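Student: Residue 272 in my numbering sits at position 271 of the sequence shown; the count goes up by one each step and never skips.
Backbone N, C-alpha and C fix where the C-beta goes; we use that ideal spot for every residue, glycine too.
As the structure is a prediction and not an experimental result, all values here were calculated from the model.
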Amino acid sequence: MTMRANASTDPMPQDLVSEIKRLKREKNAVLLAHYYQEEEIQDIADFIGDSLELARKAQAAKAPLILFAGVHFMAEGAKILNPEAKVLVPDLRAGCSLSDSCPPEAFRKFRALHPDHFVVSYINCSAAIKAQSDVIVTSSNAVKIVNQIPRDRPIIFAPDRNLGRYVANETGRTDMLLWQGTCMVHETFSEKKIAQLKHAHPEALLIAHPECEPTLLEKADFIGSTSALLKFSAENPARTFIVATEEGILYQMKKLSPDKEFIPAPPNANCACNECPFMKLNTLEKIYLTLRDETNEVTLPDDLRLRALKPLELMLEWSK
Ligand code: 13P
Ligand code: SF4
């Protein structure tokens, strides 16, 4: 990974959106954005999606330059799948608490204790963890992929214990050994406040991302990836939804269903903890500077890239 500061002291242009569009055209760049990005970033993206859709888009992109408005592991995944492209991120500090909860050396030791296990890693992990895995999953394909692993093969699932437990329940693979990682955003929701909301809106459906705690998932009317939650909210006839995931997704939900009500599930504390602090590091200003100066490039050594590519390719194959 290389890092160069956006050092220029040139003033910011008045119309950032037009300037970003001009630079994208000039440089033949594609801007990919995750649903947790700020609204104005979602508005100028060439494509918005969940992790699986973004990985597919990145792999298929013909553009020489990919600007990934998301977090680091997503951009790293884009580089692994599309090494010809120059992959940039608006802020190299945009990490992920879940990815950080699985340090490569500790994971190596854990794997060594269970050499017969098939290693399934959630895409929210570093290239060094992907390189130690047999297959990668996202929240949208994890059940489908785990169902394809021979039933006599024990499984390690990393790094998210909540998604892991959800997948174990859905697939009946209770033999799964779970790495004990969690996402700081999805473990923050207050079940007490959600119960109060349900009381005030008895008709509302609770929809949740599988990274949420098991006791919350037990009460959910629907569980899915960001894209799956969006689709469900648009297609289901219910008028009110309590949404237990990062609040950025509400923007597209309201756009697709302007006459429905979307209530963000409240966090335990009186804070904005249902906003991912890493995703929210990205701003229009940083996107403009990164595109203009081609800074914040995501790179990785070839041998690591190739080892991480194998389980990612298997994921794409098994989720067809
Ligand atoms: P999705 O793949 O469902 O978009 O999830 C990404 C993520 O980081 C959830 O916290
Ligand atoms: Fe990581 Fe959680 Fe942020 Fe998703 S919401 S990028 S899992 S810290």
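(1) Relative to the C-alpha of Cys97, which residue among Leu285, Leu290 and Lys281 is closest?
(2) Is it buried or exposed for Glu77, if we count other Cβ within 10 angstroms and need 16 for buried?
(3) Does DSSP put Pro14 in a helix, a strand or coil?
(4) Do Thr216 and Glu247 have their C-beta atoms closer together than 8 Å?
(5) What residue range does the beta strand (DSSP E) around Ile150 cover?
(6) Out of curiosity, what's the CA-to-CA distance linking Thr172 and Ala143?
(7) Cα separation between Ala132 and Lys311?
(8) Could you check the C-alpha separation between Gly182 and Phe279 for me, to the nearest Å?
(9) Does the distance from the C-beta atom of Ser141 to that of Ser228 stay below 8 Å?
(10) Mind the definition here: the region 18-34 touches the region 289-297 only if three or more C-beta pairs lie below 8 Å; say whether that holds.
(11) Given that a residue counts as buried once 16 or more other Cβ atoms are within 10 Å of its Cβ, and exposed if not, what is His200?
(12) Rank Val72, His202, Arg26 and Glu27 by C-alpha distance to the C-alpha of Ala34 and give the top, closest one.
(13) Is Glu214 a contact residue of the ligand SF4, with contact defined as CB to any heavy atom under 7 Å?
(14) If you pair each beta-carbon of the region 48-66 with each one of the region 259-268, do three or more pairs fall below 8 Å?
(15) For the ligand SF4, is there a heavy atom less than 7 Å away from the beta-carbon of Met177?
(16) Leaving out five residues before and five after Asp117 in sequence, what residues of the same chain have Cβ atoms less than 7 Å from its Cβ?
Tutor: Inspection of the coordinates gives the following:
(1) Of Leu285, Leu290 and Lys281, the residue nearest in Cα terms is Lys281.
(2) It is buried - the Cβ of Glu77 has at least 16 other Cβ atoms within 10 Å.
(3) Residue state for Pro14 is assigned as coil, using DSSP reduced to three classes.
(4) Cβ atoms of Thr216 and Glu247: not closer than 8 Å.
(5) First-last for Ile150: undefined, no H or E at that position.
(6) One C-alpha to the other measures close to 10 Å.
(7) Cα-Cα distance, rounded: 8 Å.
(8) Taking the straight line joining both Cα atoms gives about 17 Å.
(9) For the 8 Å CB-CB criterion, Ser141 and Ser228 form a contact.
(10) With contact defined as three or more Cβ pairs closer than 8 Å, the region 18-34 and the region 289-297 are in contact.
(11) Counting Cβ neighbours within 10 Å, His200 comes out exposed, since fewer than 16 surround it.
(12) By alpha-carbon distance to Ala34, the top candidate from Val72, His202, Arg26 and Glu27 is Val72.
(13) False, no ligand heavy atom lies under 7 Å from that Cβ.
(14) Segments in contact, no.
(15) For the ligand SF4, not one heavy atom lies less than 7 Å from the Cβ of Met177.
(16) Here the set comprises Pro155.
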